[in-house]
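Enquirer: Submitted below is the structure of interest, expressed as structure tokens.
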Amino acid sequence: MKTRKLTMGQAIIEYLKQQYVVRDGVEQSFFAGMFGIFGHGNVAGIGQALHQYADTFPYYQTRNEQAMVHTAAAFAKMNNRLRTLACTTSIGPGATNLITAAAGATINRIPVLLLPGDIFSTRLVAPVLQQLELPSSQDISVNDCFKPISKYWDRINRPEQIVTSLPEAMRILTSQAETGAVTLAIPQDVQSEAYDYPADLFEKRLHLISRPQADRALLQKSIQWIRGSQKPLIISGGGTIYADATEALKCFVEQTGIPVTETFAGKGSLCYDHPQCLGAAGVTGTLGANIVARETDLVIVVGSRLSDFTTASKTAFQHPDVKFININVAEFDAAKHAALPLVADAKVTLEALTEALTDYRVDADYAQEIAKHSQFWLDEVDRIYNLGHTPQPSQGEVIGAINAFSDPQDVVVCAAGSMPGDLHKLWQTRNPKGFHLEYGYSCMGYEIAGGLGCKMAAPDREIYVLVGDGSYLMMAQEITTSIQEGYKLIIVLVNNNGYASINGLSNSVGVQGYSTKYRFRGKESGQLDGQVLPVDFTQNATSLGANAIHAESVSDLRVALEKAKASDITTVVTIDIDFEPRVPGYESWWDVPVAEVSEVETAQDAYRSYNVQKQKERYFLK
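So, in structure tokens, the structure goes:
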């Protein structure tokens with residue numbers, strides 16, 4: 001057997017370089033490189049290897065470990081989960097900083113490879129700097145925290161263990177059904193240890209991304225259910241886009257007339273003005289989507305995990321005999337809501353349904369209802385885009401100005417706060433990759449780091465990062481990384497001096513917006529009700545290396561966007577908006593528990609309202 005003597009760190013890089021995926025005959029490398037911050041836990045192992053192979057395996061410096069996982073996840077999502085980046089850290093805080101973003105990747109079913117440094121496997125030098133000590137065990141480190149949020153986890157205590165561990169990691173990373181964060185904890189001493197590895201480990205490996213077909217009997221049953229339905233409805237999730245099934249969906253709904261609503265991850269499954277597109281589903285859904293969902297007798301779910309936002313906390317579907325057909329590559333998701341489970345690829349399944357239903361179409365009355373709802377929503381978006389609110393514009397107007405200015409191929413990025421819900425309802429998506437929201441974990445701070453990942457994946461597209469002041473203050477530093485690497489972003493910072501989303505939620509549960517605005521602590525009250533904090537966002541962005549422009553109005557914003565588009569470096573456009581008027585909700589509800597007893601009247605009122613809505617929640621058991 002031929003062998004190569006390498007350190008474990010070198011062997012890992014050599015292995016990653018040789019991993020490729022192929023789907024529908026298109027082959028591409030799986031790893032686009034590695035993000036990292038070096039410390040004593042990885043500099044002599046992975047760090048040395050990256051230095052040695054700098055010409056063949058890219059390394060990207062970053063400012064924050066959490067941010068680099070967000071960037072890797074966004075890159076993977078933009079590539080429909082067919083490519084990703086690895087992430088290396090030192091031990092201790094470097095490793096634990098990964099955890100938040102790793103959870104986001106797993107929750108959103110996005111592949112990222114994490115390589116945190118770990119304590120000495122020999123245990124001779126212990127405790128090392130940043131080591132967690134427990135009197136109950138010597139076999140625990142902070143990296144054990146990754147176990148519940150990783151789809152695969154391993155600690156590599158001997159250099160030869162990667163011979164079996166790395167293929168297992170790749171099995172999960174390239175699985176459309178099981179993918180998420182993969183964590184290999186690598187002790188700092190083992191990273192630098194040499195071993196005679198089998199040369200075959202470093203041969204090119206091609207991982208086939210297959211398109212599994214649905215069980216024939218279940219597929220036939222689903223066809224019968226569709227034919228027997230009076231008001232069928234499609235919910236399109238991220239799986240539609242990841243499977244490159246948007247054209248198949250378009251053909252299916254144009255033939256059958258079945259309307260489509262979209263989850264956050266699935267927005268862009270149809271062009272916003274397609275006759276069968278009812279827009280956003282669920283809590284942040286459009287009026288038509290929620291009315292049709294309430295009345296539908298058959299829900300065809302394509303590539304969605306049916307979160308509470310999509311189902312309006314299981315209140316969205318009120319037909320007494322509603323049934324579900326779930327098309328999903330993951331058996332776990334396909335079985336939800338007691339659905340008829342089509343455990344299969346979205347593209348081939350939609351194509352099979354289209355072929356089988358050539359003579360089927362929804363009745364004329366239902367088609368007319370769909371058309372009415374679709375036109376109403378186009379008019380409603382136009383109304384919100386043009387409110388003319390003064391002296392400060394509304395958030396809906398800002399979204400409208402950016403949407404109108406952007407080109408069809410451009411991408412909007414967002415994650416947390418009040419913005420995602422408004423974007424879900426209002427953004428008029430014109431291509432399947434044009435709407436990029438992290439809303440499975442809804443992690444504040446994702447936006448700028450995620451925008452960087454999108455730009456790395458699609459350098460020819462303009463990336464519009466919409467970020468609130470709350471998220472910006474949490475993680476703005478990857479602006480510097482975008483400058484360093486030459487990946488230009490257009491960042492629109494919408495400032496309302498507080499947490500607008502939580503303010504609205506707080507009011508809805510009777511807590512009166514308590515402590516949701518950025519204000520000084522009042523000397524008399526002792527509460528955060530003083531003057532607004534004097535944060536200068538334009539100066540902050542400038543200090544990080546970006547261009548910065550402040551817009552006073554929507555017309556100023558349009559001018560600023562022109563300048564940002566013409567610039568060759570990241571530009572931050574700041575604009576102050578009014579908390580009000582908010583984009584309304586449209587006949588939907590989200591279950592956020594309310595205090596059962598309270599001395600505050602608004603909380604008492606909220607609890608009474610909560611109990612009314614709670615009665616609409618349903619179990620789906622047959």
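For the sequence shown, our numbering begins at 1 and goes up steadily by one.
Note that beta-carbon positions come from the ideal geometry of N, C-alpha and C, so glycine has one too.
Could you tell me which whole alpha helix (DSSP H) segments of length 4 or greater appear in the region 60-122?
Expert: With a minimum length of 4 residues, the continuous alpha helix (DSSP H) runs that stay inside the region 60-122 are 65-78, 93-96, 99-107.
Enquirer: Assuming K488 and D196 make a contact with CB atoms under 8 Å, what is their CB distance in whole Å?
Expert: Looking up residue 488 in the sequence shown gives position 488. Looking up residue 196 in the sequence shown gives position 196. About 46 Å; that fails the 8 Å criterion.
Enquirer: Taking the CB atoms as reference points, tell me whether Q409 and N386 lie closer together than 8 Å.
Expert: Numbered from its first residue, the sequence shown carries residue 409 at position 409. Numbered from its first residue, the sequence shown carries residue 386 at position 386. Taking 8 Å as the Cβ cut-off, Q409 and N386 do not qualify as a contacting pair.
Enquirer: Compare the Cα-Cα distances from G468 to each of I502, E462, I483 and report the closest residue.
Expert: As a position in the sequence shown, residue 468 is number 468, starting the count at 1. Looking at the Cα atoms, I502 is the closest of the given residues.
Enquirer: Kindly indicate which three-state DSSP category Q28 falls into: helix, strand or coil?
Expert: Translated into positions along the sequence shown, residue 28 becomes position 28. Reduced to three states, the DSSP call for Q28 is strand.
Enquirer: Assuming V413 and Y360 make a contact with CB atoms under 8 Å, what is their CB distance in whole Å?
Expert: In the sequence shown, residue 413 corresponds to position 413, counting from 1. In the sequence shown, residue 360 corresponds to position 360, counting from 1. With a Cβ gap of about 38 Å, V413 and Y360 do not count as contacting.
Enquirer: According to the neighbour-count rule (16 or more other Cβ atoms, all chains shown, within 10 Å of its Cβ), is T106 buried or exposed?
Expert: Residue 106 sits at position 106 when you count from the first residue of the sequence shown. Classification for T106: buried.
Enquirer: If you drop the 5 nearest sequence neighbours on each side, which residues of the same chain put their C-beta closer than 7 Å to that of P275?
Expert: Start at 1 with the first residue of the sequence shown, and residue 275 comes out as number 275. Closer than 7 Å at Cβ, skipping near neighbours: A371, S374.
Enquirer: Could you tell me how far apart the beta carbons of R519 and L533 are, in whole angstroms, since I believe they sit closer than 8 Å?
Expert: One-based indexing of the sequence shown puts residue 519 at position 519. One-based indexing of the sequence shown puts residue 533 at position 533. Indeed, because the Cβ distance is near 6 Å, the residues count as touching under 8 Å.
Enquirer: By a C-beta neighbour count over all protein chains shown, 10 Å radius and 16 as the cutoff for buried, is T3 buried or exposed?
Expert: Along the sequence shown, one-based indexing puts residue 3 at 3. Exposed: under 16 other Cβ atoms inside 10 Å.
Enquirer: How do the region 505-513 and the region 525-543 stand: do at least 3 beta-carbon pairs fall below 8 Å, yes or no?
Expert: No, because fewer than three Cβ pairs between the region 505-513 and the region 525-543 fall closer than 8 Å, the two stretches do not touch.
Enquirer: Between T481, S609, Q615, which lies nearest to G36 when the distance is taken from Cα to Cα?
Expert: Reading the sequence shown from its first residue, position 36 is the one you call residue 36. Selected option, being the one with the closest Cα: T481.
Enquirer: Between which two residues does the alpha helix (DSSP H) carrying S374 extend?
Expert: For the purposes of this step, residue 374 is identified with residue 374 of the sequence shown, where counting begins at 1. Here the alpha helix (DSSP H) through S374 covers 364-385.
Enquirer: Pop quiz: R212 and I300 are said to be a contact at Cβ under 8 Å. What is the actual Cβ separation, rounded to whole angstroms?
Expert: Along the sequence shown, read from residue 1 onward, the residue named residue 212 stands at position 212. Along the sequence shown, read from residue 1 onward, the residue named residue 300 stands at position 300. What sits at residue 212 in the sequence shown is Pro, not Arg. Their Cβ separation, rounded to whole angstroms, is 18 Å, which puts P212 and I300 out of contact at 8 Å.
Enquirer: So what's P198 in DSSP terms, helix, strand or just coil?
Expert: Looking up residue 198 in the sequence shown gives position 198. Of the three classes helix, strand and coil, the one that applies to P198 here is strand, per DSSP.
Enquirer: For P127, I'd like the list of residues in its chain whose CB is within less than 6 Å of its CB, leaving aside the five on either flank, ordered along the chain.
Expert: As a position in the sequence shown, residue 127 is number 127, starting the count at 1. Contacts found: E133.
Enquirer: Among the candidates T263, S229, Q230, G268, whose CA atom is the shortest distance from the CA of E247?
Expert: By 1-based counting over the sequence shown, the position of residue 247 is 247. Among T263, S229, Q230, G268, the Cα nearest to that of E247 belongs to G268.
Enquirer: Per the DSSP calculation, L298 is bridged to which residue(s)?
Expert: The sequence position of residue 298 within the sequence shown is 298, counting from 1. DSSP, once it has assigned bridges, lists P232, K323 as partnering L298.
Enquirer: Classify K77 as buried or exposed, calling it buried when 16 or more other Cβ atoms lie within 10 Å of its own Cβ.
Expert: Translated into positions along the sequence shown, residue 77 becomes position 77. Result: buried.
Enquirer: Taking only three categories from DSSP, how would you classify C443?
Expert: Sequence index remark: in the sequence shown, residue 443 carries index 443 (1-based). Looking at C443 - three-state DSSP - the assignment turns out to be coil, as it is neither helix nor strand.
Enquirer: Let me know the secondary structure DSSP gives D568 once reduced to three states.
Expert: Taking the sequence shown and counting its residues from 1, one reaches residue 568 at position 568. Note: D568 maps to coil in three-state DSSP.
Enquirer: For the pair the region 79-90 and the region 235-253, tell me if three or more CB-CB distances fall below 8 Å.
Expert: The region 79-90 vs the region 235-253: in contact.
Enquirer: State the CB to CB distance for the pair Q191 and G9, rounded to an integer number of angstroms; the pair is presumed to be in contact (CB under 8 Å).
Expert: Here residue 191 refers to the residue found at position 191 when the sequence shown is read from its first residue. Here residue 9 refers to the residue found at position 9 when the sequence shown is read from its first residue. Confirmed, about 5 Å.
Enquirer: Assuming G417 and S471 form a contact by the criterion Cβ under 8 Å, report the distance between their Cβ atoms to the nearest whole angstrom.
Expert: As a working mapping, residue 417 is identified with position 417 in the sequence shown. As a working mapping, residue 471 is identified with position 471 in the sequence shown. Right, the Cβ-Cβ distance comes to about 6 Å (below 8 Å), so this counts as a contact.
Enquirer: Measuring CA to CA, which of Q176, A457, L466, I209 is closest to D333?
Expert: Within the sequence shown, the letter at position 333 stands for residue 333. Of Q176, A457, L466, I209, the residue nearest in Cα terms is Q176.
Enquirer: If you run the structure through DSSP and keep just helix, strand and coil, what is G41?
Expert: Looking up residue 41 in the sequence shown gives position 41. It is coil, neither helix nor strand.
Enquirer: Could you tell me whether the Cβ atoms of A265 and A281 are closer together than 8 Å?
Expert: Working through the sequence shown from its first residue, we reach residue 265 at position 265. Working through the sequence shown from its first residue, we reach residue 281 at position 281. The answer is no: Cβ separation not under 8 Å.
Enquirer: Taking 7 Å as the limit between beta carbons, can you name the residues of its chain near Q392, skipping five residues before and five after?
Expert: Taking the first residue of the sequence shown as position 1, residue 392 is located at position 392. Here the set comprises D576, I577, D578.
Enquirer: Measure the C-alpha to C-alpha separation of K517 and V494 and round it to an integer number of angstroms.
Expert: Along the sequence shown, read from residue 1 onward, the residue named residue 517 stands at position 517. Along the sequence shown, read from residue 1 onward, the residue named residue 494 stands at position 494. Taking the straight line joining both Cα atoms gives about 14 Å.
Enquirer: Does the distance from the C-beta atom of N42 to that of G117 stay below 8 Å?
Expert: By 1-based counting over the sequence shown, the position of residue 42 is 42. By 1-based counting over the sequence shown, the position of residue 117 is 117. In this structure, G117 lies closer than 8 Å to N42 by Cβ.
Enquirer: Assuming contact is defined by CB atoms lying nearer than 8 Å, are R582 and G504 in contact in what I supplied?
Expert: Taking the first residue of the sequence shown as 1, we reach residue 582 at position 582. Taking the first residue of the sequence shown as 1, we reach residue 504 at position 504. Cβ atoms of R582 and G504: closer than 8 Å.
Enquirer: List the residues that DSSP assigns as beta-bridge partners of P159.
Expert: Working through the sequence shown from its first residue, we reach residue 159 at position 159. In DSSP, P159 forms no bridge with anything.
Enquirer: Under the DSSP definition of a beta bridge, which residues are partnered with S525?
Expert: As a first step, residue 525 is located in the sequence shown; it is residue number 525 there, counting from the start. Looking at the DSSP assignment, S525 forms no beta bridge with any residue, so it has no partner.
Enquirer: What do you get for M1, buried or exposed, if any count of 16 or more other CB atoms within 10 angstroms of its CB means buried?
Expert: In the sequence shown, residue 1 corresponds to position 1, counting from 1. Under this definition M1 is an exposed residue.
Enquirer: Could you tell me the distance, in whole angstroms, from the CA atom of M475 to the CA atom of E447?
Expert: The sequence position of residue 475 within the sequence shown is 475, counting from 1. The sequence position of residue 447 within the sequence shown is 447, counting from 1. Looking at the two C-alpha atoms, the distance is approximately 8 Å.
Enquirer: Work out the CA separation of L173 and I110 for me, nearest whole Å.
Expert: Within the sequence shown, the letter at position 110 stands for residue 110. Within the sequence shown, the letter at position 173 stands for residue 173. The alpha-carbon atoms of I110 and L173 are separated by roughly 8 Å.
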